[in-house]
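Notes follow the structure.
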Amino acid sequence: MNAALETLRRDFGGDVIEPGAAEYASAGRTALVQGSPACVLRPRSVGDVRAGVRFAAEAGLVLSVRGGGHGFPGFGTNDGGVVIDLSGLATVEVVDKERHIVRIGGGATWGQVAAALAPHGLAISSGDTRSVGVGGLTLGGGIGWKVRKHGLALDSLVAAEVVTAGGEVVRAGVEDNAELFWALRGGGGNFGIVTAFEFAAHPTTDVFFGKIAFPAQEAAAVLQGWADLLRAAPEDLTSIANLANPLAGGPLAPIEVQVAFDGDDPHLAARAIDPIRRLGTVIADDVALRPYADTLVDGMVAPPGIRLFTRSGFVGRESVPEALRILAAAGAAEGAPFISVRSLGGAVARVPGDATAYAHRRAELMIGTTVAGPAPVVEAALPGLEAIWGRLAPHVSGAYVNFLASAGEEDVAAVYPPRTYERLAAVKRQWDPGNLFARNHNVRPR
51 MNAALETLRR DFGGDVIEPG AAEYASAGRT ALVQGSPACV LRPRSVGDVR
101 AGVRFAAEAG LVLSVRGGGH GFPGFGTNDG GVVIDLSGLA TVEVVDKERH
151 IVRIGGGATW GQVAAALAPH GLAISSGDTR SVGVGGLTLG GGIGWKVRKH
201 GLALDSLVAA EVVTAGGEVV RAGVEDNAEL FWALRGGGGN FGIVTAFEFA
251 AHPTTDVFFG KIAFPAQEAA AVLQGWADLL RAAPEDLTSI ANLANPLAGG
301 PLAPIEVQVA FDGDDPHLAA RAIDPIRRLG TVIADDVALR PYADTLVDGM
351 VAPPGIRLFT RSGFVGRESV PEALRILAAA GAAEGAPFIS VRSLGGAVAR
401 VPGDATAYAH RRAELMIGTT VAGPAPVVEA ALPGLEAIWG RLAPHVSGAY
451 VNFLASAGEE DVAAVYPPRT YERLAAVKRQ WDPGNLFARN HNVRPR
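Heads up: take any position in the sequence shown, counting from 1, add 50, and you land on this note's numbering.
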């Protein structure tokens, strides 16, 4: 390793952070997981990324790639390996004003993107958190406040600049390395390091955004009515229903319906949102016209010793009533996890199922559960969580890779159905036959 490290210092123009450095502890952790890597590399150029990849490969060390660092499994760090932290590659540039093409560095966050695009009146369908990285979210899907109108984040991707396992730089797009481009859109970080993304942004206005809350005892009726309304709602409306928030009373917490209407016409917004208000007894309502960038929230950084365990699944239309009945009952029980239900459909469902490696296009809802606390508390909660998912099993399918804390073979199989996985494995075999990029929901080269 020493010889490889000397070569790295000669070729690498960024920062090399090793144990003993003042910033090592912070550099070695993600938002949710503390690691102890052999070194953290902070490149300042694509050439630096290439040098970092070659170093990790030659030294035979585990390689982690970090964008925003919010991944639940903590793939953005490790113990004893190399971390390439892309935060220095965070430029956001409108490169084609007529077609609204935006080039974004692989280490940028969605908050940086929203702020940079706001003066241009542009936006990209993304997630809902400022500090989440563009890279991780996009490569796994990208479900946020514009998803029903403009699709997933990856649906706006037109090209990517990728550093491969061999340390080369290639372009992936519809006309350049098309199969790699297909795999990047949903296949995660399995195939290389994306140092730049090119998106087709869209013109945006302010949006009507906020939450409408109802008493906890009305959760079952509100959930069912909410799902029925969203099925027929205009695609301008995207919504999330949250219940059993442990910070607001757990099983006694109000059910909160968050809404985002993608437009600034108050009459159209009221026509879409008012039916939700009539679902029950409104106890809070802060929906207002806001800049799109203000819909993004600050991401959580877990205090030392606090663990988060998140699991997700998709629900097709025919299973919605029973899945929501189970969730309402689970949310009312002692020790309930935090439960979130997200509306999908619209633009997501209009993309053919095999057009990208994101394979869950026909789902009407995505559900997620989260438990948090010290490790013993989380471990004690897992049997109850497993029981909830056992009841849900006949009514859900798949998993969303960005809301998944575990990464075993069953998890990977849930994210990537067999035909998708086989195609991804073929791409992996071409671009990363040695599985250098294994710190992810891993697709092995077959």
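Glycine included, C-beta positions come from ideal geometry on N, C-alpha and C.
Within its own chain, the residues whose Cβ lies closer than 7 Å to the Cβ of residue 381, once the five positions on either side in sequence are excluded, are 269, 293, 294, 301, 389, listed in chain order. According to DSSP, residue 143 shares a beta bridge with 153. For residue 135, the enclosing beta strand (DSSP E) covers residues 132-135. Secondary structure at residue 392: strand, using DSSP grouped into helix, strand and coil. Contact between residue 78 and residue 182 fails: their C-beta atoms lie close to 20 Å from each other, not under 8 Å.
Going by DSSP, residue 323 is part of the alpha helix (DSSP H) stretching over 316-327. The beta carbon of residue 161 sits closer than 7 Å to those of 180, 181, 346, all from its chain and outside the five residues before and after it, given in chain order. For residue 335, the three-state secondary structure derived from DSSP is strand. By the criterion of a C-beta distance shorter than 6 Å, residue 286 is surrounded in its chain by 199, 311, 312, 313, once the five residues flanking it on both sides are discounted. Beyond the five residues adjoining it in sequence on each side, residue 441 comes within less than 7 Å, by CB distance, of 376 in the same chain, given in chain order. In chain order, 409, 448 place their CB closer than 8 Å to the CB of residue 467, counting only its own chain and leaving out the 5 sequence neighbours on each side.
Look at residue 296 here: in three-state DSSP terms it is helix. The DSSP assignment places complete beta strand (DSSP E) segments of no fewer than 3 residues inside the stretch 346-424 at 356-365, 388-393, 415-424, in order along the chain.
The three-state secondary structure of residue 204, taken from DSSP, is helix. Between the beta-carbon of residue 333 and that of residue 307 there is about 12 Å, and that puts the pair past the 8 Å contact cut.
When the Cα atoms are used, residue 194 and residue 76 turn out to be separated by approximately 28 Å. Contact between residue 450 and residue 185 fails: their C-beta atoms lie close to 16 Å from each other, not under 8 Å. Unbroken beta strand (DSSP E) stretches of 3 residues or longer found wholly inside the stretch 244-274: 257-264, given in chain order. Inter-segment contact for the stretch 393-400 and the stretch 222-231 is absent: fewer than three beta-carbon pairs are separated by less than 8 Å. Contact between the stretch 248-255 and the stretch 272-291 is absent: fewer than three C-beta pairs spanning the two stretches fall below 8 Å.
Separation of the CB atoms of residue 115 and residue 87 is rounded to 12 Å, and the pair is thereby denied contact status at 8 Å.
Following the DSSP letters along the chain, one finds residue 186 inside the alpha helix (DSSP H) bounded by residues 184-190.
For residue 306, no alpha helix (DSSP H) encloses it; the enclosing beta strand (DSSP E) starts and ends at 305-311. If the five residues before and after residue 136 are omitted, its C-beta is found closer than 6 Å to the C-beta atoms of 117, 156, 157, all from its own chain and listed in chain order.
In the DSSP assignment, residue 302 is bridged to no other residue. In this structure, DSSP gives residue 91 an extended state, which the three-state scheme calls strand. For residue 111, same chain residues with a beta-carbon under 6 Å away, outside a window of 5 residues either side, are 131, 132 in chain order. Contact annotation: residue 82 and residue 124 have beta-carbon atoms nearer than 7 Å.
Ranked by how close their Cα comes to the Cα of residue 259, the residues 481, 315, 96, 495 have 315 in first place. The beta carbon of residue 89 sits closer than 7 Å to the beta carbons of 66, 67, 68, 132 from its chain, once the five residues preceding and following it are set aside; these are given in chain order. Here residue 100 carries a helix assignment [DSSP, helix/strand/coil].
Residue pairing by DSSP places residue 65 opposite 92 in a beta bridge. When DSSP assignments are scanned along the stretch 211-244, the uninterrupted stretches of beta strand (DSSP E) that are 3 or more residues long and fall wholly within it turn out to be 219-223.
Taking residue 206 as reference, the option from 356, 236, 212 with the minimal CA-CA separation is 236. Remark: C-beta atoms of residue 283 and residue 343 do not approach each other more closely than 7 Å.
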